[in-house]
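**Q** Dropping a structure here in structure tokens format, bear with me for questions.
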Amino acid sequence: MRHPTDGTLRRLLDEPSGVADTDREHVAGCPACRSGLAAARRDASLSRAALDVDATVDVDAGWSRLSRSVAADSRRGRAATAAPRWRAALRRPAVAAVAVVAVLGAASAAAAADWLQIYRTERIAPVTLSQADLIALPDLSAYGPVEVTEPRVRAVADAAAAQKATGLAVPRVRDLPRGVTGEPAFQVGDRVTAEFTFSAAQAARTAAAAGRTLPAPPPGLDGSTFRLTAGPGLAAVWREARGVPALIVARGVAPTAYSEGIPFRTAADYLLSLPGLPAAVAAQLRGFTGDGTTLPLPVNSQYLTSATADVGGRPATVLKSRDGLVAGVVWVDDGVVTAVAGSLGPDEVLSVARGLGER
Amino acid sequence: MAVPAPAGRGAVRADLEAVFRSAYPRVVAVAARVLGSRDEAEDVAQEVFLTFGRSAVPAAEAPGWLSVAAAHTALNHLRTGRRRAWREEAAGGGAAVSPDVADTVVTRDERRRVRAALARLPRRQAVALVLRHSGLSYAEVAAALDLSPGSVGTTVRRAESSLRKELNRHAPSD
């Protein structure tokens, strides 16, 4: 019979029960395999000795240290990371409402009962919101039921796993900025879907509560549903020693909107005219609802400033925190949105963004 | 916008303490085998548990995930740590390199050679080697590295053979 592999011989040393009887019997009677087994044993014990180290630990002390770090990390996280803040901001129903309203901008021929793609993100534009605007923004659920699938975000082992899970090319950072070291941790998120059904009755109640009268909805809008999808996406996160993200490179399938088929331009114009939406915000959104390709990125002017730049020939939005601690840049290429952010300067994130390659 | 971000910053998973208490010794042991130093291994373990605390890794997969994360993170530290050590030595501060000041010079040199050899191994081999010598079964190593149990033996064998060659090649030629 054939000799068992070196791997089988190696396992024989550790887990004889995991090796087939026929292999065990063969080795017992085969001088070549017994010699191979002896060599494997020598290498194994040399490795064991080389790797041996006293690693007794005080679990209680370890736990108190971790508890302190977790607490400190949460405080720092709230104060000084760009992407999580966007995420937190986007979780706010009011801001999500702005995004959804704004992506309903493309007019399209109506085809009843079919989901039509009415919007595809091709670029991103910042929408500046003051803190007062943000507080004043209505919740989309004030105009009808909203159902959002909760994004399942999880860690994966490496870039290959991230690529496999999302089908996206994983950006490769050629030169890490000064102070950022090591290998990134990878996270992936599934596709997220949001469905919003406009309810004239609900919108009327909301308007009445604000002492206003609801403008008459255009025909067909009442009860009609919009679907917004985004993702899947992935992120590579480099952390500093204590877990603070030093650099995040994220990529995802950019949002796309679908409708059951109503006059969208009319719907968008109508939604932007609803009572409750601050006039300054509505005016900014109205500025680019016509082309159906621009995603508004809400920017809280109290914390962030935005500027424009160019990444690989694509227009990009550069955000910088007013305290100078974090910066990020985001752009869209062929329906895929990529963001680079970190506790870095705007020049550094732009340099990373412009140097990205594919794995 | 769906820019994925680390899950739930600020929201630390509820089972963190329970998982920590059962897995911390193993995680430190894995990192210590890579780094050759318990103090540095504890730093790595803390980092790994911080990441885990914000993750959505299913509890049942936690032990394997933590061990693999400890091995990868420690191997990463090995690289950056060596860079730092070189810089410090270049700056004339060589004495500050090893935290294990009680060690003899000979042991320190031997340790350095083991670390250097580990850093030169293909990553998968290095991880399999360290996990196996930290007491993970073939089935556990296979699950953690997405290998078949049969190929764990092959991977570990190759790693041990390379380690021996590296150690011999770089042994002092006295």
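For the protein sequence lines, the chains are U and E, in the order given. Once you know that position 152 of the first sequence is 152 in the working numbering, the rest is easy, because the numbers rise by one and skip nothing. Here the working numbering runs 1000 ahead of the position in the second sequence, where the first position is 1. Positions of the beta carbon are idealized from the N, C-alpha and C atoms, including for glycine.
Nearest chain E C-beta to residue 329 of chain U closer than 9 Å, yes or no?
**A** Start at 1 with the first residue of the first sequence, and residue 329 of chain U comes out as number 329. By this cut-off, residue 329 of chain U is not an interface position.
**Q** Can you tell me where the beta strand (DSSP E) holding residue 187 of chain U begins and where it ends?
**A** Counting from one through the first sequence, the residue named residue 187 of chain U turns up at place 187. That run of the beta strand (DSSP E) goes 185 to 189.
**Q** Report yes or no: do three or more beta-carbon pairs, one from the segment 185 to 193 of chain U and one from the segment 230 to 237 of chain U, lie closer than 8 Å?
**A** In short, these stretches touch, since the Cβ pair count reaches three.
**Q** At which residues does the alpha helix (DSSP H) containing residue 298 of chain U begin and terminate?
**A** The sequence position of residue 298 of chain U within the first sequence is 298, counting from 1. Careful: residue 298 of chain U lies outside any alpha helix (DSSP H), inside the beta strand (DSSP E) at 294 to 300.
**Q** Should residue 58 of chain U go down as buried or exposed, given a rule of 16 or more other Cβ atoms within 10 Å for buried?
**A** Here the question's residue 58 of chain U lines up with position 58 in the first sequence. So residue 58 of chain U counts as exposed.
**Q** Please check the pair residue 1160 of chain E and residue 43 of chain U, which I expect to be a contact at CB under 8 Å, by giving their CB distance rounded to whole angstroms.
**A** Taking the second sequence and counting its residues from 1, the one referred to as residue 1160 of chain E is at position 160. Taking the first sequence and counting its residues from 1, the one referred to as residue 43 of chain U is at position 43. Yes, residue 1160 of chain E and residue 43 of chain U are in contact; Cβ-Cβ is about 4 Å, under 8 Å.
**Q** Under a CB-based cut-off of 9 Å, is residue 1063 of chain E close to chain U?
**A** Start at 1 with the first residue of the second sequence, and residue 1063 of chain E comes out as number 63. No, residue 1063 of chain E does not count as interfacial toward chain U.
**Q** Thinking just about the alpha-carbon of each residue, which of E/1136, E/1125, E/1059, E/1121 is nearest to the one in residue 1027 of chain E?
**A** The count along the second sequence starts at 1 and reaches residue 1027 of chain E at position 27. Per the Cα distances, E/1136.
**Q** Please compile the residues from chain E whose C-beta is within a distance smaller than 8 Å of the C-beta of residue 10 of chain U.
**A** Along the first sequence, read from residue 1 onward, the residue named residue 10 of chain U stands at position 10. Within 8 Å Cβ-Cβ: 1153, 1154, 1156, 1157, 1160.
**Q** For the beta strand (DSSP E) containing residue 45 of chain U, list its first residue and its last residue.
**A** Sequence index remark: in the first sequence, residue 45 of chain U carries index 45 (1-based). Premise fails: residue 45 of chain U lies in the alpha helix (DSSP H), 31 to 51, not in any beta strand (DSSP E).
**Q** With DSSP collapsed to three states, give me the class of residue 233 of chain U.
**A** As a position in the first sequence, residue 233 of chain U is number 233, starting the count at 1. If DSSP states are grouped into helix, strand and coil, residue 233 of chain U belongs with the strands.
**Q** Just the Cα atoms here: how many angstroms apart are residue 186 of chain U and residue 149 of chain U?
**A** To locate residue 186 of chain U, count along the first sequence from 1; it is residue 186. To locate residue 149 of chain U, count along the first sequence from 1; it is residue 149. Those two C-alpha atoms are separated by around 22 Å.
**Q** How big is the Cα-Cα spacing for residue 1043 of chain E and residue 1021 of chain E?
**A** Residue mapping note: residue 1043 of chain E aligns to position 43 of the second sequence, counting from 1. Residue mapping note: residue 1021 of chain E aligns to position 21 of the second sequence, counting from 1. Distance between the alpha carbons of residue 1043 of chain E and residue 1021 of chain E is about 16 Å.
**Q** Could you give the DSSP three-state label for residue 1146 of chain E: helix, strand or coil?
**A** In the second sequence, residue 1146 of chain E corresponds to position 146, counting from 1. Coil.
**Q** Please decide whether residue 311 of chain U counts as near chain E, where near means a Cβ-Cβ distance under 9 Å.
**A** Numbered from 1 along the first sequence, position 311 holds the residue referred to as residue 311 of chain U. Output row for residue 311 of chain U: interface = no.
**Q** So residue 253 of chain U packs on residue 336 of chain U, CB below 8 Å; how close in whole Å?
**A** The residue given as residue 253 of chain U occupies position 253 in the first sequence. The residue given as residue 336 of chain U occupies position 336 in the first sequence. At roughly 6 Å, the Cβ-Cβ gap stays under 8 Å, so residue 253 of chain U and residue 336 of chain U are in contact.
**Q** Could you give the distance in angstroms between the alpha-carbon of residue 342 of chain U and the alpha-carbon of residue 179 of chain U?
**A** What you label residue 342 of chain U is simply residue 342 of the first sequence in a count that begins at 1. What you label residue 179 of chain U is simply residue 179 of the first sequence in a count that begins at 1. Cα to Cα, residue 342 of chain U sits roughly 11 Å from residue 179 of chain U.
**Q** Determine, using beta-carbon pairs with one atom in the segment 304 to 311 of chain U and one in the segment 212 to 224 of chain U, whether at least three such pairs fall under 8 Å.
**A** The segment 304 to 311 of chain U, when compared against the segment 212 to 224 of chain U, does not touch it at the 8 Å Cβ threshold.
**Q** Alpha carbon to alpha carbon, how far is residue 15 of chain U from residue 1018 of chain E? Give it in angstroms, no decimals.
**A** Against the second sequence, residue 1018 of chain E aligns to sequence position 18. Against the first sequence, residue 15 of chain U aligns to sequence position 15. Using only the alpha carbons, I get a separation of about 30 Å.
**Q** Enumerate, from N- to C-terminal direction, the unbroken alpha helix (DSSP H) stretches of 4 or more residues contained entirely within the segment 1035 to 1075 of chain E.
**A** Runs of the alpha helix (DSSP H) inside the segment 1035 to 1075 of chain E: 1038 to 1053.
**Q** Starting from the Cα of residue 1073 of chain E, find the closest Cα among E/1117, E/1054, E/1110, E/1032 and give me that residue.
**A** Position 73 of the second sequence, counted from the start, is the residue given in the question as residue 1073 of chain E. Here the closest residue by C-alpha is E/1032.
**Q** Which of helix, strand or coil does DSSP assign to residue 222 of chain U?
**A** Counted from its first residue, the first sequence places residue 222 of chain U at position 222. Looking at residue 222 of chain U - three-state DSSP - the assignment turns out to be coil, as it is neither helix nor strand.
**Q** Apart from the five residues just before and just after residue 356 of chain U, which ones in its own chain have a Cβ nearer than 6 Å to its Cβ?
**A** Sequence index remark: in the first sequence, residue 356 of chain U carries index 356 (1-based). Excluding positions up to five away in sequence, the list reads 171.
**Q** Output the boundary residues of the beta strand (DSSP E) element that contains residue 211 of chain U.
**A** Position 211 of the first sequence, counting from 1, holds the residue named residue 211 of chain U. Careful: residue 211 of chain U lies outside any beta strand (DSSP E) and carries neither H nor E.
**Q** What separation, rounded to the nearest whole angstrom, lies between the Cα atoms of residue 201 of chain U and residue 208 of chain U?
**A** The residue labelled residue 201 of chain U in the question sits at position 201 within the first sequence. The residue labelled residue 208 of chain U in the question sits at position 208 within the first sequence. Between residue 201 of chain U and residue 208 of chain U, the C-alpha separation is close to 10 Å.
**Q** Beta-carbon of residue 1112 of chain E versus every beta-carbon of chain U: anything under 9 Å?
**A** Along the second sequence, read from residue 1 onward, the residue named residue 1112 of chain E stands at position 112. Chain U, which has no Cβ nearer than 9 Å to the Cβ of residue 1112 of chain E, makes this no.
**Q** On the DSSP letters alone, give me the boundaries of the beta strand (DSSP E) that residue 259 of chain U sits inside.
**A** Here the question's residue 259 of chain U lines up with position 259 in the first sequence. Here the beta strand (DSSP E) through residue 259 of chain U covers 256 to 259.
**Q** Under DSSP, the beta strand (DSSP E) around residue 195 of chain U begins and ends at which residues?
**A** Here residue 195 of chain U corresponds to residue number 195 of the first sequence, with the count starting at 1. Here the beta strand (DSSP E) through residue 195 of chain U covers 192 to 197.
**Q** Taking Cβ-Cβ distances below 9 Å as the criterion, which residues of the segment 25 to 53 of chain U are in contact with chain E?
**A** Listed in sequence order: 39, 40, 42, 43, 44, 46, 47, 48, 50, 51, 52, 53.
**Q** Taking C-alpha atoms, which residue in U/353, U/316, U/338 lies nearest to residue 125 of chain U?
**A** Looking up residue 125 of chain U in the first sequence gives position 125. Closest by alpha carbon: U/316.
**Q** Are the C-beta of residue 1163 of chain E and some C-beta of chain U separated by less than 9 Å?
**A** For the purposes of this step, residue 1163 of chain E is taken as residue 163 along the second sequence, with counting starting at 1. By this cut-off, residue 1163 of chain E is an interface position.
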